[in-house]
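See structure below.
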Amino acid sequence: MFLEIDQLTMQFGGLVAVNNVSISIKKGEIHGLIGPNGSGKTTIFNVLSGYYKPTGGKVSFEGRTISGLPAHQITAAGFARTFQNMRLFKTMTVLENLLVAMGHHAKVGLLQEILNPVAVHREEEKFVEKAMDLLDLLEVADFANELATSLPYGNQRRVEMARALATDPKVILLDEPAAGLNEVETEDLRKTLMKIRDLGVTIFLVEHDMKLVMEICEEISVLDYGKKIAEGTGAVISKDPVVIEAYLGQEEDK
Amino acid sequence: MKKKSSILKWILIGAVACLLLAFPAFAKSSYQVHIVNNIGIWLLLSLGLNIAMGYGGQFNLALGALWGVGAYTAALLQTRLGVPFWINLPLGIIAAATMAALVGLPSFKVRSHYLAIVTIGLGEVINLFLVNQDELTGGALGINRIKPPSLFGFPIDTNERFYYLILIMVILGYLIGRQIVGHRIGRAFRALRDDFQAARAMGVNTGFYQILAFAISGAYAGAAGVLFAHWNSYISPDIFEFKSALIVLTMIMIGGMGSLPGSVVGTVLLLVLNEYLRVFERWQLVGYGVAIIVVVLFLPGGVVELVRRFGSLRQRWSAGLTKEKSNVEEERNVP
Numbered sequence: 001m002f003l004e005i006d007q008l009t010m011q012f013g014g015l016v017a018v019n020n021v022s023i024s025i026k027k028g029e030i031h032g033l034i035g036p037n038g039s040g041k042t043t044i045f046n047v048l049s050g051y052y053k054p055t056g057g058k059v060s061f062e063g064r065t066i067s068g069l070p071a072h073q074i075t076a077a078g079f080a081r082t083f084q085n086m087r088l089f090k091t092m093t094v095l096e097n098l099l100v101a102m103g104h105h106a107k108v109g110l111l112q113e114i115l116n117p118v119a120v121h122r123e124e125e126k127f128v129e130k131a132m133d134l135l136d137l138l139e140v141a142d143f144a145n146e147l148a149t150s151l152p153y154g155n156q157r158r159v160e161m162a163r164a165l166a167t168d169p170k171v172i173l174l175d176e177p178a179a180g181l182n183e184v185e186t187e188d189l190r191k192t193l194m195k196i197r198d199l200g201v202t203i204f205l206v207e208h209d210m211k212l213v214m215e216i217c218e219e220i221s222v223l224d225y226g227k228k229i230a231e232g233t234g235a236v237i238s239k240d241p242v243v244i245e246a247y248l249g250q251e252e253d254k
Numbered sequence: 001m002k003k004k005s006s007i008l009k010w011i012l013i014g015a016v017a018c019l020l021l022a023f024p025a026f027a028k029s030s031y032q033v034h035i036v037n038n039i040g041i042w043l044l045l046s047l048g049l050n051i052a053m054g055y056g057g058q059f060n061l062a063l064g065a066l067w068g069v070g071a072y073t074a075a076l077l078q079t080r081l082g083v084p085f086w087i088n089l090p091l092g093i094i095a096a097a098t099m100a101a102l103v104g105l106p107s108f109k110v111r112s113h114y115l116a117i118v119t120i121g122l123g124e125v126i127n128l129f130l131v132n133q134d135e136l137t138g139g140a141l142g143i144n145r146i147k148p149p150s151l152f153g154f155p156i157d158t159n160e161r162f163y164y165l166i167l168i169m170v171i172l173g174y175l176i177g178r179q180i181v182g183h184r185i186g187r188a189f190r191a192l193r194d195d196f197q198a199a200r201a202m203g204v205n206t207g208f209y210q211i212l213a214f215a216i217s218g219a220y221a222g223a224a225g226v227l228f229a230h231w232n233s234y235i236s237p238d239i240f241e242f243k244s245a246l247i248v249l250t251m252i253m254i255g256g257m258g259s260l261p262g263s264v265v266g267t268v269l270l271l272v273l274n275e276y277l278r279v280f281e282r283w284q285l286v287g288y289g290v291a292i293i294v295v296v297l298f299l300p301g302g303v304v305e306l307v308r309r310f311g312s313l314r315q316r317w318s319a320g321l322t323k324e325k326s327n328v329e330e331e332r333n334v335p
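Protein chains in written order, with the working numbering: chain A, 1 to 254; chain B, 1 to 335.
Here is the structure:
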């Protein structure tokens, strides 16, 4: 299996945020993770990206256990992410934000970095070229030299995705990319996600916008109170009574 | 237009270079050269701290003690074993950088102000070691008769000769600093300062870069220490303490955090003013305190921020002019 979340449990003191969750994700698919607020979606992402060490279970990626590794090694293994409340580097330009993410590909050693300006310059040019390609793809190349946090909200989201792609990931974890976007912007986002998938990057998506999730996700996992309550295609999920109950309460309440 | 400004820039750099090279010739006294040498040594300290703190957000307030590590390494090796300056220089840098990396270890657990307090404590521990291990370090009396460097038998033993050595070291330090902050290392530093969690997720090995930031500031302090020991020929523990780190901190805050020119401006400003304000003695520290408060409140980017603001104002002004001009042209085109 490409990415296997195996009986993952994440406990904070007495609170079980994620309880024995197993999800497997195929290479190249768009996998949605949905559930009411506080159901543990972001916690799963935080485990996947190495912020938390799981208290139970494990995550394996391409046959190798990655849970418990430090965050930068997980990134090197091919994981990238965006954040629910966007975390662009606030003193940097759009381009610099992407260059940070490319740093771990650098072939020039640290000492050379200080003492061999020519080699550094050559490598930097290559990075800038690649970064500009990504910005082009996400249609934010015009703002390359502007302060990232000075852009309008929708464009900041794109920059954040471009930055995640700049780490050259195999899997990208997107934490509520449609939050705060209007309908037109959400439609743009849908196109952007298709472009990302066409790059061959597997997408693992946490999202509250059900229309978007149903449209693009090939497979959806549903969480409630830290437990996985359902899994399947959009059509299956949307008819599942357990899911409907988790979201809307009893049917009569509707 | 752009070409013209770059020519202007090179002319400016050339003029400054000539001024710096000729300085000992037109200095009014050897004492003036002495002051400038002193500025050079503090410049190395403030460049180092600015890289670690201004860029990397790593509060290294053990800097005064690390400066001492460089100085004592050189002084001991020279007076006990007769090791020459040129070998002491790399050894002092390595010793201080290693000690700095150790001082930086708590950065895994504590951040920002708490880290500042921990490093102040560790710096004082090093200082106390220098004071109390008198068999090794000469205690409070310090070490004297440290021999000046010599280059192929030519002794660098006057302020004027030392001036050029320090000048070369400062220029090297500045260029290396630019190389550090302008590329991958500098971006990683800024990333972990701006947003630690995001930096981790972008593949930045934050622990490594935190320690690297400390080590770099230590390396600069070590170089400053070796130079200081061989230049002064006498060292004692009393300046290798927290107060010195505080002075360097004041320099970079006034000049500009996260800006190498800021380090230069702040250091020169503070030490030159220091000469004029010598009459006020103890009030100097009060002056530093007031200066920091004023800068933090009204000019968070330091003096270089002022220059930048002025620059963008001018740019906007000239942009405004061309805009008006094009408006006029448009009006003319209207039939």
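All C-beta atoms in this analysis are idealised placements derived from N, C-alpha and C, irrespective of residue type, glycine included. What you are looking at is a predicted structure, and each value in this text was computed from that prediction instead of being measured.
Handout entry: Run of the beta strand (DSSP E) containing ASP175(A), from where it starts to where it stops
Key = Position 175 of the first sequence holds residue 175(A). Residues 171-175.
Exercise for the section: Give the DSSP-derived three-state secondary structure of MET260(A) in the structure shown. Expected result: Not covered by the structure: residue 260(A). The range shown for chain A is 1 to 254.
Handout entry: Residues that DSSP places opposite GLU231(A) in a beta bridge
Key = Here residue 231(A) corresponds to residue number 231 of the first sequence, with the count starting at 1. Per DSSP, SER221(A).
Practice task
Closer than 6 Å by C-beta to ASP157(B): which residues in its own chain qualify, once you throw out the five before and the five after it? Chain order, please.
Solution key: Against the second sequence, residue 157(B) aligns to sequence position 157. Here the set comprises PRO148.
Exercise for the section: Could you spell out where the alpha helix (DSSP H) holding LYS211(A) opens and where it closes? Expected result: Locating residue 211(A) in the first sequence gives position 211, counting from the first residue. DSSP places LYS211(A) in the uninterrupted alpha helix (DSSP H) bounded by 210-216.
Handout entry: chain B contacts from the region 229-253 of chain A (Cβ-Cβ distance under 9 Å)
Key = Hits within the stretch: zero.
Exercise for the section: Measure the alpha-carbon distance for VAL140(A) versus ALA148(A) and round it to whole angstroms. Expected result: In the first sequence, counting from the first residue as 1, residue 140(A) sits at position 140. In the first sequence, counting from the first residue as 1, residue 148(A) sits at position 148. Approximately 10 Å between the Cα atoms of the pair.
Handout entry: Residue-level contact to chain B via CB, SER49(A), 7 Å cutoff
Key = Along the first sequence, read from residue 1 onward, the residue named residue 49(A) stands at position 49. SER49(A) counts as touching chain B.
Handout entry: Rounded C-alpha distance that separates PRO152(A) from ARG158(A)
Key = The residue labelled residue 152(A) in the question sits at position 152 within the first sequence. The residue labelled residue 158(A) in the question sits at position 158 within the first sequence. Approximately 10 Å, taken between the alpha carbons.
Practice task
For the region 20-84 of chain A, list the beta strand (DSSP E) runs that are entirely contained and at least 3 residues long, ordered along the chain.
Solution key: Considered as a whole, the region 20-84 of chain A harbours 30-34, 56-61 and 79-81 as its complete beta strand (DSSP E) runs of no fewer than 3 residues, in chain order.
Practice task
Report yes or no: do the region 238-256 of chain B and the region 94-101 of chain B share at least 3 C-beta pairs separated by less than 8 Å?
Solution key: Taking 8 Å as the limit for Cβ pairs, the verdict is that the region 94-101 of chain B does not touch the region 238-256 of chain B.
Practice task
Report the rounded CA-to-CA distance for PHE204(A) versus THR233(A), giving the unit in angstroms.
Solution key: Within the first sequence, numbered from 1, the residue matching residue 204(A) stands at position 204. Within the first sequence, numbered from 1, the residue matching residue 233(A) stands at position 233. Taking the straight line joining both Cα atoms gives about 14 Å.
Practice task
Can you check DSSP and say which residues form a bridge with PRO155(B)?
Solution key: The sequence position of residue 155(B) within the second sequence is 155, counting from 1. Beta-bridge partners of PRO155(B) (DSSP): SER150(B).
Exercise for the section: Determine the extent of the beta strand (DSSP E) in which THR205(A) is found, giving its start and end residues. Expected result: Taking the first residue of the first sequence as 1, we reach residue 205(A) at position 205. Note on identity: in this sequence residue 205(A) is Leu, with Thr being the wrong assignment. Start and end: 202-206.
Problem - Exposure label - PRO54(A); buried when at least 16 CB within 10 Å - result: For the purposes of this step, residue 54(A) is taken as residue 54 along the first sequence, with counting starting at 1. That one is buried.
Exercise for the section: Count the other C-beta atoms from every protein chain shown that fall within 10 angstroms of the C-beta of GLY123(B), then say buried if there are 16 or more, exposed otherwise. Expected result: Residue numbering aside, residue 123(B) sits at position 123 when the second sequence is read from its first letter. In the assembly as shown, GLY123(B) is a buried residue. Its beta-carbon has 16 or more other beta-carbons within 10 Å.
Problem - GLU207(A) and ILE30(A) closer than 7 Å at C-beta - result: On the first sequence, residue 207(A) is found 207 positions in, with the first residue counted as 1. On the first sequence, residue 30(A) is found 30 positions in, with the first residue counted as 1. Judged by beta-carbon spacing, ILE30(A) lies beyond the 7 Å limit of GLU207(A), meaning their Cβ atoms are not closer than that value.
Problem - Straight-line Cα distance separating ALA17(A) from GLY182(B) - result: In the second sequence, the residue the question calls residue 182(B) occupies position 182. In the first sequence, the residue the question calls residue 17(A) occupies position 17. Separation of GLY182(B) and ALA17(A) (C-alpha to C-alpha, rounded to the nearest whole angstrom) is 42 Å.
Practice task
Provide the residue span of the alpha helix (DSSP H) that contains PHE59(B), from first to last.
Solution key: Walking along the second sequence from the start, residue 59(B) turns up at place 59. Here PHE59(B) belongs to no alpha helix (DSSP H), and DSSP marks it neither H nor E.
Practice task
Can you give me the start and stop residues for the alpha helix (DSSP H) that VAL265(B) sits inside?
Solution key: Taking the first residue of the second sequence as position 1, residue 265(B) is located at position 265. Start and end: 260-276.
Practice task
Could you tell me whether the Cβ of GLY13(A) comes closer than 7 Å to any Cβ of chain B?
Solution key: Residue numbering aside, residue 13(A) sits at position 13 when the first sequence is read from its first letter. Interface flag for GLY13(A) against chain B is unset, since no Cβ pair is found closer than 7 Å.
Handout entry: Beta-carbon contacts of LEU132(A) that lie in its chain and below 8 Å, excluding the five residues immediately before and after
Key = Taking the first sequence and counting its residues from 1, the one referred to as residue 132(A) is at position 132. The amino acid occupying residue 132(A) in the given sequence is Met; Leu does not appear at that position. Within the same chain, MET132(A) has close Cβ partners LEU95, ALA141 and ALA144.
Exercise for the section: Report buried or exposed for ALA15(B), applying the criterion of at least 16 other Cβ atoms within 10 angstroms of its Cβ. Expected result: Counting from one through the second sequence, the residue named residue 15(B) turns up at place 15. A residue is called buried when at least 16 other Cβ atoms come within 10 angstroms of its Cβ; ALA15(B) does not meet this threshold and is exposed.
Problem - Reference ILE114(A), options ILE180(B), TYR163(B) and LEU128(B), closest by Cα - result: Along the first sequence, read from residue 1 onward, the residue named residue 114(A) stands at position 114. Looking only at ILE180(B), TYR163(B) and LEU128(B), the smallest Cα-Cα distance to ILE114(A) is reached by ILE180(B).
Handout entry: Which listed residue (SER39(A), GLY32(A) and MET1(A)) has its alpha carbon closest to that of THR9(A)
Key = Here residue 9(A) corresponds to residue number 9 of the first sequence, with the count starting at 1. Closest by alpha carbon: SER39(A).
Exercise for the section: Check distances from the C-beta atoms of the region 92-107 of chain A to those of chain B and list, in chain order, the residues that come in under 8 Å. Expected result: Result list: MET92, GLU96, LEU99, VAL100, ALA101, GLY103, HIS104 and ALA106.
Practice task
Within its chain, find whatever has a CB closer than 7 Å to the CB of GLY225(B); leave out the 5 residues flanking it on each side and keep chain order.
Solution key: Position 225 of the second sequence, counting from 1, holds the residue named residue 225(B). Excluding five sequence positions before and after GLY225(B), the CB atoms of its chain that fall closer than 7 Å to its own CB belong to TRP67, GLY68, VAL69, GLY70, ALA71, ALA74, GLY92 and ALA96, given in chain order.
Problem - Cross-chain neighbours of GLU176(A) in chain B, by beta carbon under 9 Å - result: Within the first sequence, residue 176(A) is the residue found at index 176, counting from 1. Chain B residues near GLU176(A): none, gap ~15 Å exceeds 9 Å.
Problem - Sequence-distant residues of the same chain with beta carbon closer than 7 Å to VAL268(B), five excluded per side - result: Residue 268(B) sits at position 268 when you count from the first residue of the second sequence. So the list reads ILE39, once near-sequence residues are dropped.
Practice task
For chain A, find out if any of its Cβ atoms is closer than 7 Å to the Cβ of GLN179(B); answer yes or no.
Solution key: Taking the first residue of the second sequence as position 1, residue 179(B) is located at position 179. Closer than 7 Å: yes.
Exercise for the section: Indicate whether TYR220(B) and LEU77(B) have their beta-carbon atoms separated by less than 7 Å. Expected result: As a position in the second sequence, residue 220(B) is number 220, starting the count at 1. As a position in the second sequence, residue 77(B) is number 77, starting the count at 1. Going by C-beta atoms, TYR220(B) is not nearer than 7 Å to LEU77(B).
Problem - 8 Å contact criterion, which VAL170(B) and ALA188(B) should meet: CB distance rounded - result: Translated into the one-based positions of the second sequence, residue 170(B) becomes position 170. Translated into the one-based positions of the second sequence, residue 188(B) becomes position 188. With a Cβ gap of about 25 Å, VAL170(B) and ALA188(B) do not count as contacting.
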